[in-house]
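Here the sequence shown stands for residues 0 to 161, numbered as in numbering that gives the first Met the number 0. What follows is a single structure, written as structure tokens, with notes after it.
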Amino acid sequence: MHKRVPDVVNAVKPEDYTMDAEEHGPEDRTEIEGEYKKSLLGVGYDPDGSERSGSFLQLDHSVLCSTTVQEGIEVLDSSEALEKYSWLSDYFWRAVAADKDIYTKAVADKQTGGYFIRAAPGVKSIFPLQAGLFIGKERLSQNVHNIVIVEEGAELHIITGC
Numbered sequence: 000m001h002k003r004v005p006d007v008v009n010a011v012k013p014e015d016y017t018m019d020a021e022e023h024g025p026e027d028r029t030e031i032e033g034e035y036k037k038s039l040l041g042v043g044y045d046p047d048g049s050e051r052s053g054s055f056l057q058l059d060h061s062v063l064c065s066t067t068v069q070e071g072i073e074v075l076d077s078s079e080a081l082e083k084y085s086w087l088s089d090y091f092w093r094a095v096a097a098d099k100d101i102y103t104k105a106v107a108d109k110q111t112g113g114y115f116i117r118a119a120p121g122v123k124s125i126f127p128l129q130a131g132l133f134i135g136k137e138r139l140s141q142n143v144h145n146i147v148i149v150e151e152g153a154e155l156h157i158i159t160g161c
């Protein structure tokens, strides 16, 4: 006799999680990366940033790091990128419908960050870029929308970890 497998999709609901997050600033980065270094390395995020073209690190709802070291590669908080580039709104919710399921709808209704990564035409990343989305508060909902644009002739390698 087989036991029925629970319906995982309906088992976890966005409303079961909180949106209340402590604010963190770039000044918290060194402490966070030191305290959680082993966990970050475990998901491919190197706090030292060596052999990386750039880094993005978000803790809860706060961006701690958004840097690049290679010309032609851009890394920004997705909200900041929307303010900088009016054309970027044309890319939001094109690959995945905002109402696809309760999770994407929660992000569309109340986004709490995410990254925008762009490689300019013809740029080839020397090293991979790294992006880490880290939750430090238990039962916190981190509603991110990430957009990656690799323009014609460009090559980009990304290591993402959650």
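Every residue gets a Cβ at the ideal spot worked out from N, C-alpha and C, and that includes glycine.
Would residue i and residue j be called neighbours here (beta carbons separated by less than 8 Å)?
i              : j             : result
isoleucine 101 : proline 127   : no
isoleucine 31  : leucine 75    : no
leucine 155    : isoleucine 72 : yes
lysine 136     : glutamate 21  : yes
alanine 118    : serine 124    : yes
Residues in the same chain with beta-carbon distance under 8 Å from residue i, minus the five sequence neighbours each way, listed in chain order, please.
i              : result
isoleucine 146 : Ser77, Ala80, Leu87, Tyr90, Phe91, Gly113, Tyr114, Phe115 and Ile116
Roughly how many angstroms separate the alpha carbons of residue i and residue j, rounded to a whole number?
i              : j              : result
leucine 39     : proline 120    : 31 Å
valine 68      : glycine 43     : 18 Å
lysine 37      : valine 95      : 33 Å
threonine 29   : histidine 23   : 12 Å
aspartate 19   : aspartate 98   : 23 Å
glycine 152    : glutamate 26   : 37 Å
isoleucine 134 : asparagine 142 : 11 Å
aspartate 108  : glycine 53     : 29 Å
glycine 48     : histidine 60   : 21 Å
arginine 93    : proline 46     : 32 Å
In chain order, what residues of the same chain lie with their CB nearer than 6 Å to the CB of residue i, ignoring the 5 residues before and after it?
i                : result
histidine 144    : Ser77, Val106, Gln110 and Gly113
phenylalanine 55 : Ser65, Val74, Tyr114 and Ala130
glutamate 50     : Phe126
valine 149       : Ala118 and Leu155
glycine 160      : Val42, Gly43, Tyr44 and Gly131
Where DSSP assigns a beta bridge to residue i, which residues make up the other side?
i             : result
cysteine 64   : Leu56
glutamine 129 : Ser54 and Ile158
lysine 123    : Glu154
leucine 75    : Phe115
valine 147    : Ile116
threonine 17  : Leu139
Can you give me the Cβ contacts of residue i inside the same chain, cut-off strictly under 7 Å, excluding the 5 residues immediately before and after it?
i             : result
threonine 17  : Arg138, Leu139 and Ser140
proline 13    : Ile101, Tyr102, Ala105 and Ser140
aspartate 122 : Checking the sequence, you will find valine at residue 122 rather than aspartate. Around valine 122: Gly71, Ile72 and Ala153.
Could you tell me whether the segment 60-70 touches the segment 81-95, where touching means 3 or more Cβ pairs closer than 8 Å? no
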